[in-house]
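In my numbering, the protein residues as written are 89 to 415.
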């Protein structure tokens, strides 16, 4: 997604362009714009957009803020996951209905031709996406305390980019890059299949341990792109694993029992575009405090609120974790 190589190609083109006496400024801009479009068609920038959307909507990633070192990009993701499981086939397996609403953005600052001879330009870019997904799946017993999890989801996302230019080349770059690399919008279809395992056990009569692993394969394709934006259609993957240990506090808030949940997790992207965001994996460690409302609520077993620290090579950040268990 980083446009610096394209900017170098752009300046090279301008240097080779005949003088203004032979070519008008409009011709130079048109030639440079076509050059950028050709470079983008031969690049993997579409895979970067797809991986960004995959990160924004993947249900295994909670509301988070992540900062990358390699790309100097900040990602903020806000999600409302909705899930309900109910027994089917005489209770031998469960049918799961899930929905996810997401609002997310990414921010980056690009320097183009920043040197001693010319100041070039600074571009502040922001990508923003609003997404909604719905899916259905099943939890099938695979042995004592072990279950298979399979499911599929479909959704749509609205992805937009806005950019502000600063510097000596700003007035010249804007008509070349706008609509092609910056200041555009598109819709995207998201289809995904998920498979994994859940393991649940208890020890010392008070510690509930849940282990799960998921692999999600997604196909993301743009449609109704703004003019001159390159369409994209990419496959991406996410591998996620987590371990939760729930334990009672032995205390109450009023007369509502309190409990705690410690979590360890890991998330990795797979496929050729796995490093498109500036990082390919990260780890999580966190803790949540919960209210056992089973005796007071008709619909909920418990409510939890906590935080977790996310870290990995070239990335770090934190997440706020809000969850609930339905009856």
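From the three backbone atoms N, C-alpha and C, an ideal C-beta is built for every residue, glycine too.
Worksheet item: Thinking C-beta only, is residue 282 closer than 8 Å to residue 302?
Response: What you label residue 302 is simply residue 214 of the chain shown in a count that begins at 1. What you label residue 282 is simply residue 194 of the chain shown in a count that begins at 1. In contact: residue 302 and residue 282 (Cβ atoms closer than 8 Å).
Discussion item. Threshold first: 4 residues or longer. Then list the alpha helix (DSSP H) segments lying entirely within the stretch 242-287, N to C.
Written reply: Restricting attention to alpha helix (DSSP H) runs no shorter than 4 residues, the stretch 242-287 encloses them at 258-265, ordered along the chain.
Fill in: Whether residue 275 touches residue 310 by CB criterion (8 Å)
As a working note, residue 275 is residue 187 in the chain shown. As a working note, residue 310 is residue 222 in the chain shown. Contact flag set, yes.
Worksheet entry | Proximity below 8 Å, CB of residue 124 to CB of residue 317 | As a first step, residue 124 must be located in the chain shown, where it is residue number 36. As a first step, residue 317 must be located in the chain shown, where it is residue number 229. Not a contact, by the Cβ cut-off of 8 Å.
Item to complete: Report the rounded CA-to-CA distance for residue 152 versus residue 138, giving the unit in angstroms.
Response: Taking the chain shown and counting its residues from 1, one reaches residue 152 at position 64. Taking the chain shown and counting its residues from 1, one reaches residue 138 at position 50. Distance between the alpha carbons of residue 152 and residue 138: 19 Å.
Worksheet item: So what does DSSP say about residue 381, is it helix, strand or coil?
Response: Locating residue 381 in the chain shown gives position 293, counting from the first residue. The answer is coil: DSSP assigns residue 381 none of H, G, I, E or B.
Worksheet item: Mind checking whether residue 145 and residue 188 have CB atoms under 8 Å apart?
Response: Against the chain shown, residue 145 aligns to sequence position 57. Against the chain shown, residue 188 aligns to sequence position 100. A contact, by the Cβ cut-off of 8 Å.
Practice prompt. Could you please give me the residues that DSSP links to residue 167 through a beta bridge?
Written response: For the purposes of this step, residue 167 is taken as the residue at position 79 of the chain shown. In DSSP, residue 167 forms a bridge with 190.
Discussion item. Assuming residue 129 is part of the alpha helix (DSSP H), what are its boundary residues?
Written reply: Taking the first residue of the chain shown as 1, we reach residue 129 at position 41. Counting along the chain, the alpha helix (DSSP H) containing residue 129 begins and ends at 113-129.
Worksheet item: In three-state DSSP terms, what is residue 410?
Response: Position 322 of the chain shown, counting from 1, holds the residue named residue 410. Three-state DSSP puts residue 410 in a strand.
Worksheet item: Shortest alpha-carbon distance to residue 306 belongs to which of 135, 403, 173?
Response: Within the chain shown, the letter at position 218 stands for residue 306. Comparing Cα-Cα distances from residue 306 to each of 135, 403, 173, the minimum goes to 135.
Worksheet entry | residue 217 and residue 254 closer than 8 Å at C-beta | Numbered from its first residue, the chain shown carries residue 217 at position 129. Numbered from its first residue, the chain shown carries residue 254 at position 166. Not in contact: residue 217 and residue 254 (Cβ atoms no closer than 8 Å).
Worksheet item: Ordered along the chain, which non-local residues of its own chain (more than five positions away) have a Cβ less than 6 Å from that of residue 279?
Response: For the purposes of this step, residue 279 is taken as the residue at position 191 of the chain shown. Here the set comprises 242, 307.
Practice prompt. Using a threshold of 8 Å, state whether the C-beta atoms of residue 335 and residue 353 are closer than that.
Written response: By 1-based counting over the chain shown, the position of residue 335 is 247. By 1-based counting over the chain shown, the position of residue 353 is 265. Against a cut-off of 8 Å, the Cβ pair of residue 353 and residue 335 comes out as no contact.
Item to complete: Put residue 364 into one of helix, strand or coil per three-state DSSP.
Response: Start at 1 with the first residue of the chain shown, and residue 364 comes out as number 276. Reduced to three states, the DSSP call for residue 364 is coil.
Worksheet item: Does the Cβ of residue 194 have 16 or more other Cβ atoms within 10 Å, making it buried, or fewer, making it exposed?
Response: As a first step, residue 194 is located in the chain shown; it is residue number 106 there, counting from the start. Residue 194 is buried by the Cβ-count criterion.
Discussion item. If the criterion is Cβ atoms closer than 8 Å, does the pair residue 155 and residue 403 meet it?
Written reply: As a working note, residue 155 is residue 67 in the chain shown. As a working note, residue 403 is residue 315 in the chain shown. It is a contact, given that the beta carbons lie within the stated cut-off.
Worksheet item: Which residues in the same chain have their Cβ closer than 8 Å to the Cβ of residue 132, if we skip the five residues on either side of it in sequence?
Response: Residue numbering aside, residue 132 sits at position 44 when the chain shown is read from its first letter. Same-chain partners within the cutoff: 360, 361, 364.
Worksheet item: For residue 339, which residues from the same chain have a beta carbon less than 7 Å from its beta carbon, with the 5 sequence-adjacent residues on both sides left out?
Response: Within the chain shown, residue 339 is the residue found at index 251, counting from 1. If we look at residue 339 and ignore the five residues flanking it on each side, its Cβ neighbours are 346.
Practice prompt. Kindly give me the distance between the Cβ atoms of residue 356 and residue 333, rounded to whole angstroms, as I take these residues to be in contact under 8 Å.
Written response: Taking the first residue of the chain shown as 1, we reach residue 356 at position 268. Taking the first residue of the chain shown as 1, we reach residue 333 at position 245. Not confirmed; about 22 Å, so no contact.
Worksheet item: So which of 230, 277, 166 has the shortest CA-CA distance to residue 192?
Response: Locating residue 192 in the chain shown gives position 104, where the first residue counts as 1. Out of 230, 277, 166, 166 has the C-alpha closest to the C-alpha of residue 192.
Item to complete: Take the Cβ of residue 120 as the centre, count every other Cβ of all protein chains shown within 10 Å, and call the residue buried at 16 or more, exposed below.
Response: Translated into the one-based positions of the chain shown, residue 120 becomes position 32. With 16 or more Cβ atoms within 10 Å of its Cβ, residue 120 is classed as buried.
Worksheet item: Are residue 381 and residue 393 close, meaning C-beta to C-beta below 8 Å?
Response: Translated into positions along the chain shown, residue 381 becomes position 293. Translated into positions along the chain shown, residue 393 becomes position 305. For residue 381 and residue 393, no; Cβs fall outside 8 Å.
Worksheet entry | C-beta atoms of residue 226 and residue 183 nearer than 8 Å | As a position in the chain shown, residue 226 is number 138, starting the count at 1. As a position in the chain shown, residue 183 is number 95, starting the count at 1. Yes, the Cβ-Cβ distance between residue 226 and residue 183 is below 8 Å.
Discussion item. If distances are taken between C-alpha atoms only, which option among 312, 263, 295 comes closest to residue 277?
Written reply: On the chain shown, position 189 is the one that residue 277 refers to. Residue 277 has its Cα closest to that of 312, out of 312, 263, 295.
Worksheet entry | Span of the alpha helix (DSSP H) around residue 86 | In the structure as shown, the chain starts at 89 and stops at 415, and residue 86 therefore has no counterpart that could be examined.
Worksheet item: If you follow the beta strand (DSSP E) that residue 296 is part of, which residue opens it and which one closes it?
Response: For this step, residue 296 is matched to residue 208 along the chain shown. Start and end: 295-311.
Practice prompt. Check each candidate in 263, 199, 252, 250 and name the one with the smallest Cα separation from residue 116.
Written response: Here residue 116 corresponds to residue number 28 of the chain shown, with the count starting at 1. Checking every option, the nearest Cα to that of residue 116 belongs to 263.
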